[in-house]
Amino acid sequence: MFQVDDMVLYPMHGVGIIKAIEEKEVLGKNKLYYILNMPQIRMQIMIPIEKAADLGIRQLVDPAVLENVLTDFHLGNTDPIIYKNWRYCRDLNNKKMKTGDIYKGAEIIRDLMRKNQKSKLGAEDTNMLNSARRMFISELMQVKGIAQEQADHLLDEILLTSR
1 MFQVDDMVLY PMHGVGIIKA IEEKEVLGKN KLYYILNMPQ IRMQIMIPIE
51 KAADLGIRQL VDPAVLENVL TDFHLGNTDP IIYKNWRYCR DLNNKKMKTG
101 DIYKGAEIIR DLMRKNQKSK LGAEDTNMLN SARRMFISEL MQVKGIAQEQ
151 ADHLLDEILL TSR
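Note that the UniProt record's numbering gives residue 37 to position 37 of the sequence shown, counting from 1, and the numbers run on in steps of one.
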């Protein structure tokens with residue numbers, strides 16, 4: 001269970017701060033909820049504590065894991081089907097994104113950047129790439145203690161060197 005003021009990653013949204021844990025009555029049932037403040041998207045979200053794990057909410061990675069991801073960003077093979085089948089690509093990336101796993105998020109960015117080198121990305125792929133970047137950068141900022149511009153620049157540098 002997370003505590004008030006813990007920073008967590010909420011898949012599809014990015015880093016949030018648990019501002020409160022409150023009991024609320026919803027549909028006639030009392031449940032405990034995390035009240036998450038999501039600063040990057042300027043939103044507050046209520047999540048039932050019992051569903052947090054199923055939603056992929058997790059603690060931020062430690063700096064060693066982040067460095068590992070950044071160092072190995074270019075490693076790994078891209079599934080060749082994503083170049084030919086947009087539905088497969090969309091479904092695969094949605095599945096990866098919903099896990100909240102930082103390695104899977106890096107794969108999405110890496111693979112869509114590779115796909116973009118072969119042909120211009122469509123709207124869905126562009127949206128997915130932007131979402132994956134936003135989520136990754138929100139965690140990068142917090143773990144490294146850097147500003148968004150620095151995190152954007154660092155990720156861009158890594159992507160340039162991994163070509």
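A virtual CB, placed ideally from N, CA and C, is assigned to each residue, including glycine.
Open item on the list: Per the DSSP calculation, residue 143 is bridged to which residue(s)?
Closed with: The count along the sequence shown starts at 1 and reaches residue 143 at position 143. According to DSSP, which records beta bridges pairwise, residue 143 is partnered with nothing at all.
TODO: Identify the continuous beta strand (DSSP E) that holds residue 95 and give its terminal residues.
DONE: Within the sequence shown, residue 95 is the residue found at index 95, counting from 1. Element bounds for residue 95: not the beta strand (DSSP E) but the alpha helix (DSSP H), 86 to 99.
Open item on the list: Is it the case that the region 142 to 149 contacts the region 118 to 126, given that we only count it when at least three CB pairs across the two stretches are under 8 Å?
Closed with: no
- [ ] Indicate whether residue 36 and residue 16 have their beta-carbon atoms separated by less than 8 Å.
- [x] Taking the first residue of the sequence shown as 1, we reach residue 36 at position 36. Taking the first residue of the sequence shown as 1, we reach residue 16 at position 16. Their beta carbons are under 8 Å apart, which means residue 36 touches residue 16 by this criterion.
TODO: Measure the alpha-carbon distance for residue 22 versus residue 34 and round it to whole angstroms.
DONE: On the sequence shown, residue 22 is found 22 positions in, with the first residue counted as 1. On the sequence shown, residue 34 is found 34 positions in, with the first residue counted as 1. Their backbone Cα atoms lie some 7 Å apart in a straight line.
Open item on the list: On the CB-based measure, 16 or more other CB atoms within 10 Å of its CB, does residue 142 come out buried or exposed?
Closed with: On the sequence shown, position 142 is the one that residue 142 refers to. The residue is buried, with at least 16 neighbouring Cβ atoms inside 10 Å.
Task: the region 62 to 74 in contact with the region 84 to 97 per 3-pair CB rule at 8 Å - done: no
- [ ] May I ask you to report which of helix, strand or coil DSSP gives residue 75?
- [x] Counting from one through the sequence shown, the residue named residue 75 turns up at place 75. Residue 75: coil per DSSP, three-state reduction.
Task: Cβ pair count under 8 Å reaching 3, the region 2 to 18 against the region 126 to 140 - done: yes
Open item on the list: Distance check for residue 8 and residue 91, CA to CA, integer angstroms please.
Closed with: What you label residue 91 is simply residue 91 of the sequence shown in a count that begins at 1. What you label residue 8 is simply residue 8 of the sequence shown in a count that begins at 1. Taking the straight line from one Cα to the other gives about 25 Å.
Open item on the list: Do residue 38 and residue 49 count as a contact pair if the criterion is CB distance below 8 Å?
Closed with: Counted from its first residue, the sequence shown places residue 49 at position 49. Counted from its first residue, the sequence shown places residue 38 at position 38. No, Cβ-Cβ distance for residue 49 and residue 38 is not below 8 Å.
- [ ] Find out if the Cβ-Cβ distance for the pair residue 120, residue 83 is shorter than 8 Å.
- [x] The residue given as residue 120 occupies position 120 in the sequence shown. The residue given as residue 83 occupies position 83 in the sequence shown. Not a contact, by the Cβ cut-off of 8 Å.
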